[in-house]
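Asker:
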Amino acid sequence: MKKLVVLICLLIFMGSCKTYQYKDLKTPKITIQNGQFLKGKQAYYFVGANYWYGPLIAAKNIGDRERLLKELDVMDSLGIDNLRILVGAEGGTEDFQVKPALQPEQGKYNEDLLDGLDFLLAEMAKREMYAVLYLNNNWIWSGGMSAYLAWNGYGEVQNPFTDKYTWEDYFNYTQQFHTCMPCREAFQQHIKFILGRTNNYSGRKYTEDHTIMSWQVANEPRIFTESDREPFQIWLNETVELLEKLAPNTLISTGAEGKASYLQEIDTYQMLHSHKHIDYLTMHMWPKNWNWYDVNHEETSTLTSIEKANHYIDEHIQVAKNLNKPIVISEFGFPREKESLLKKASLKNRNQFYQAIFKRLEESYQDQNVLGGVNFWGFAGYANTNQQRGKWEIGDDFSADPPQEPQGLNSVFATDTSTLNLIYTYNRHLNNL
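Going letter by letter, the sequence shown gives residues 5 to 437 in my numbering.
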């Protein structure tokens with residue numbers, strides 16, 4: 005019967021399946037004990053989503069709050085209560101970059117987008133959802149570290165999505181962030197500004213809002229070269245220590261891909277995450293980007309992707325056990341059949357990969373082990389994507405796929421009922437409904 009209710013909710017395009025009222029909500033705090041997340045006093049395991057664009061569609065003026073509320077209701081009905089969200093973009097001047105930016109110039113903020121972040125968190129609180137908020141980005145699609153460099157005299161961003169620069173150029177450019185003192189100081193000011201905020205809708209200070217499960221240093225911060233090892237560690241540690249000072253009662257995570265962030269070295273991953281104020285570990289997996297998946301041999305390469313993913317998970321779970329900290333697979337994605345952008349394309353391969361990941365989480369739940377959650381990439385809800393053009397342009401709906409990527413490639417839409425039923429089923433198994 006519950007599954008039927010979920011499907012009915014998915015078919016309702018206007019209005020929601022629940023009515024929420026503002027009230028004195030007492031969201032249980034997420035804590036950690038003996039390598040396990042706790043929600044109040046109960047073990048907390050979750051199938052969550054990446055929802056990076058949430059504050060953008062939550063904005064009062066440039067957003068679409070009707071769409072936001074429908075999407076939150078759909079996720080709520082599926083037991084999705086953990087959303088990984090980008091606090092906001094920087095710059096917004098490069099091709100294939102998030103626009104508008106929260107911080108169009110260093111230290112100057114778009115008030116509409118700040119209001120959007122407030123509104124999103126307040127609406128999540130009504131549904132007892134939790135936010136993992138990342139404060140920076142290693143990648144150019146939202147500005148991130150490269151924007152700070154451009155603001156502080158390091159020349160134009162070496163954008164690999166243009167004909168002028170390669171990815172190696174971008175890596176060499178971006179790693180300078182770790183040694184750029186004005187950039188680091190500006191980022192610290194940004195952290196202080198965001199964490200010092202009080203939500204205009206709920207009246208809660210961000211540092212006291214249990215809706216915010218974790219502050220995340222950045223999206224996929226990484227060591228680029230041998231010479232970047234020490235600067236990276238210094239920067240990471242100073243950022244973690246600042247977050248601990250400002251928000252001692254909120255969890256801290258790095259946003260790392262796992263060993264893929266650290267020259268493929270699992271020992272370096274363990275060393276960096278042994279910091280006493282890094283509360284839990286993260287890892288990401290991208291079979292297509294990492295050449296595990298081959299569009300020309302989909303059936304066999306899906307199986308290969310699952311095999312390699314399980315090995316990657318095993319390596320990182322062992323580190324989490326060594327450190328006695330929980331770990332979350334906070335990003336993973338998989339394309340539709342033939343990498344189609346059409347919503348009607350088969351989801352068979354994606355569902356097979358998703359189910360393998362969810363199965364690992366269910367096993368961890370049954371054993372009360374350290375793998376505490378997964379966040380698929382990502383939920384696109386009711387986004388109306390351009391299925392011919394592919395890349396995002398100003399005026400298009402935001403989807404789960406960043407602006408530089410084909411829109412719909414890794415997105416899970418509200419009409420993808422077979423995938424959503426999988427999510428619902430496993431959240432039910434995890435006692436998360």
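We treat Cβ as the ideally placed atom computed from N, Cα and C, and that holds for glycine.
1. Determine the closest residue to residue 277 out of 309, 221, 294, with distance taken between C-alpha atoms.
2. Would you kindly work out how many angstroms separate the C-alpha atoms of residue 245 and residue 343, rounded to a whole number?
3. What is the DSSP secondary structure of residue 138, counted as helix, strand or coil?
4. Tell me, which residues are paired with residue 37 by DSSP?
5. Residue range of the alpha helix (DSSP H) that residue 412 falls in?
6. Return the first residue and the last residue of the alpha helix (DSSP H) that residue 159 is part of.
7. Would you mind reading off the limits of the alpha helix (DSSP H) that contains residue 171?
8. What are the boundary residues of the beta strand (DSSP E) that residue 89 is part of?
9. Report the option in 128, 146, 72, 219 whose CA atom is closest to the CA atom of residue 30.
10. Does the Cβ of residue 381 have 16 or more other Cβ atoms within 10 Å, making it buried, or fewer, making it exposed?
11. Determine the contact status of residue 195 and residue 124, defining contact as a CB-CB distance below 8 Å.
12. To the nearest angstrom, how far is the alpha carbon of residue 106 from that of residue 304?
13. For residue 422, count neighbouring Cβ atoms within 10 angstroms of its own Cβ and tell me buried if that reaches 16, exposed if not.
14. Under 6 Å Cβ to Cβ from residue 110, same chain only, skipping five residues before and after it: list those, please.
15. CB of residue 34 to nearest heavy atom of the ligand COA: below 7 Å?
16. In terms of residues, what are the limits of the beta strand (DSSP E) holding residue 285?
17. Where does residue 133 sit, in a helix, a strand or coil, going by DSSP?
Answerer: Considering the structure as presented:
1. 221
2. 42 Å
3. strand
4. 40
5. Element bounds for residue 412: n/a, residue is neither H nor E.
6. Where residue 159 is concerned, there is no enclosing alpha helix (DSSP H), given that its DSSP letter is neither H nor E.
7. 171-178
8. 86-90
9. 128
10. buried
11. no
12. 43 Å
13. exposed
14. 155, 190
15. For the ligand COA, the structure offers nothing, since it holds no ligand at all.
16. 285-289
17. coil
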